[in-house]
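The next block holds one structure in the form of structure tokens; read it before the comments.
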Amino acid sequence: MAPRPLESLDQFIARLRRAVASGAQEVRFGGHHFSHAVVVENGHWRVRKLVLDRAQADAFLKERGYFMPENAEDLAEPGEPIVFEAADLEGLVALLKTASWPMW
Numbered sequence: 041m042a043p044r045p046l047e048s049l050d051q052f053i054a055r056l057r058r059a060v061a062s063g064a065q066e067v068r069f070g071g072h073h074f075s076h077a078v079v080v081e082n083g084h085w086r087v088r089k090l091v092l093d094r095a096q097a098d099a100f101l102k103e104r105g106y107f108m109p110e111n112a113e114d115l116a117e118p119g120e121p122i123v124f125e126a127a128d129l130e131g132l133v134a135l136l137k138t139a140s141w142p143m144w
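Quick note on numbering: the sequence shown equals residues 41 to 144 in our numbering.
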């Protein structure tokens with residue numbers, strides 16, 4: 041899979057709102073390969089870094105004989121650190137708009 045086109049912050053916020061409206065509990069984003077996720081945990085909206093479990097990656101490589109960035113993206117799960125946290129979606133959107141991230 042080729043890297044996906046970069047998404048602007050406004051495009052991501054629109055995609056996030058659509059996903060939330062359809063009931064999604066996790067929305068991934070960042071660069072050509074996703075590196076972060078918005079998750080709702082215990083009533084809090086959080087942006088977490090995607091973290092790849094090394095043992096899971098090694099098992100994938102052993103089973104299939106290859107491992108590419110998109111495989112890492114698929115296998116990664118939201119982990120530490122929590123980059124942003126807000127009480128509601130609008131608060132999280134406001135935080136995202138004030139951040140200067142390399143992916144936007």
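For glycine and all other residues, C-beta sits at the position ideal for the given N, C-alpha and C. Quick caveat, the model's predicted, so the values are computed rather than measured.
Assigned with DSSP and collapsed to three states, G119 falls in strand. Buried is the label assigned to G70, since at least 16 other Cβ atoms lie within 10 Å of its Cβ.
The Cβ atoms of W85 and L132 sit closer than 8 Å to each other. Here E113 is buried: its Cβ has 16 or more other Cβ atoms, across all protein chains shown, within 10 Å. Secondary structure note for E130: its alpha helix (DSSP H) is the uninterrupted segment L129 to T138. For R104, the three-state secondary structure derived from DSSP is helix. A direct Cα-Cα distance of roughly 9 Å separates R88 from E125.
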